[in-house]
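In the working numbering, the protein residues as written are 144 to 254.
Notes follow once the structure below has been shown.
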Amino acid sequence: MLDLRPEWLVTVRRLLAEHVPDAEVLAFGSRVNGTSHDGSDLDLVIRDPETPDRANAHLPRLREAFADSRLPILVDLLDWAQIPEAFREEIRKGRVELVQLGKIINSPDLH
Numbered sequence: 144m145l146d147l148r149p150e151w152l153v154t155v156r157r158l159l160a161e162h163v164p165d166a167e168v169l170a171f172g173s174r175v176n177g178t179s180h181d182g183s184d185l186d187l188v189i190r191d192p193e194t195p196d197r198a199n200a201h202l203p204r205l206r207e208a209f210a211d212s213r214l215p216i217l218v219d220l221l222d223w224a225q226i227p228e229a230f231r232e233e234i235r236k237g238r239v240e241l242v243q244l245g246k247i248i249n250s251p252d253l254h
């Protein structure tokens, strides 16, 4: 389950669709594992399914878009290609997919 207000999720999905339309986006951390509080950030990792080990060139613009958005929470963006395999395994264990191969996911896990 993703602990995020519906109106915030709309903004997150819109920005992801605009800036990383062909990526896979996974949410992880406290907003997924049930330990979030009002000040918790949203942890997202961006993965290009075609070239998962190459850095994503769109991340700087996406970071800027989130910073300029009216979201009242911080969004921490990571690049799958830039994180160690051990951290990838931790993310795989407890994550919620927001975007899969360029398609926005409307899952019951996204609250």
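Don't be surprised by glycine CBs; every beta carbon is placed ideally from N, CA and C.
query: For ARG238 versus VAL175, is the C-beta spacing smaller than 8 Å?
result: For this step, residue 238 is matched to residue 95 along the sequence shown. For this step, residue 175 is matched to residue 32 along the sequence shown. For ARG238 and VAL175, yes; Cβs fall inside 8 Å.
For ARG213, count neighbouring Cβ atoms within 10 angstroms of its own Cβ and tell me buried if that reaches 16, exposed if not. Your numbering for residue 213 matches position 70 in the sequence shown. Counting the other CB atoms within 10 Å of its CB gives ARG213 a total below 16, which places it among the exposed residues.
Go ahead and label ARG197 buried or exposed: buried means 16 or more other beta carbons lie within 10 angstroms of its beta carbon, across all protein chains shown. By 1-based counting over the sequence shown, the position of residue 197 is 54. ARG197 should be labelled exposed.
With H, G and I counted as helix, E and B as strand and the rest as coil, what does DSSP make of ILE107?
Residue 107 falls outside the range modelled here, since the chain spans only 144 to 254, and no answer is possible.
**Study point:** Counted within 10 angstroms of its Cβ, other Cβ atoms place HIS180 as buried (16 or more) or exposed
**Key:** Locating residue 180 in the sequence shown gives position 37, where the first residue counts as 1. Label assigned to HIS180: exposed.
field: Secondary structure of LEU112, DSSP reduced to three states
entry: Because the chain is modelled from 144 through 254, residue 112 falls outside the range shown and cannot be assessed.
| message | In whole angstroms, give me the CA-to-CA distance for PRO192 and GLY182. | response | For the purposes of this step, residue 192 is identified with residue 49 of the sequence shown, where counting begins at 1. For the purposes of this step, residue 182 is identified with residue 39 of the sequence shown, where counting begins at 1. Roughly 31 Å separates the two Cα atoms.
### Query
Would a C-beta distance cut-off of 8 Å place LEU187 and ILE216 closer than the cut-off?
As a first step, residue 187 is located in the sequence shown; it is residue number 44 there, counting from the start. As a first step, residue 216 is located in the sequence shown; it is residue number 73 there, counting from the start. The answer is no: Cβ separation not under 8 Å.
According to DSSP, residues forming a beta bridge with ASP219
Indexing the sequence shown from 1 puts residue 219 at position 76. Bridge partners of ASP219: ASP186.
*Among ALA170, ARG190, GLU233 and VAL155, nearest to ALA210 - alpha-carbon criterion*: Along the sequence shown, one-based indexing puts residue 210 at 67. Taking only the C-alpha atoms, the option nearest ALA210 is VAL155.
> At which residues does the beta strand (DSSP E) containing VAL153 begin and terminate?
Replying inline: Taking the first residue of the sequence shown as 1, we reach residue 153 at position 10. Premise fails: VAL153 lies in the alpha helix (DSSP H), 149 to 162, not in any beta strand (DSSP E).
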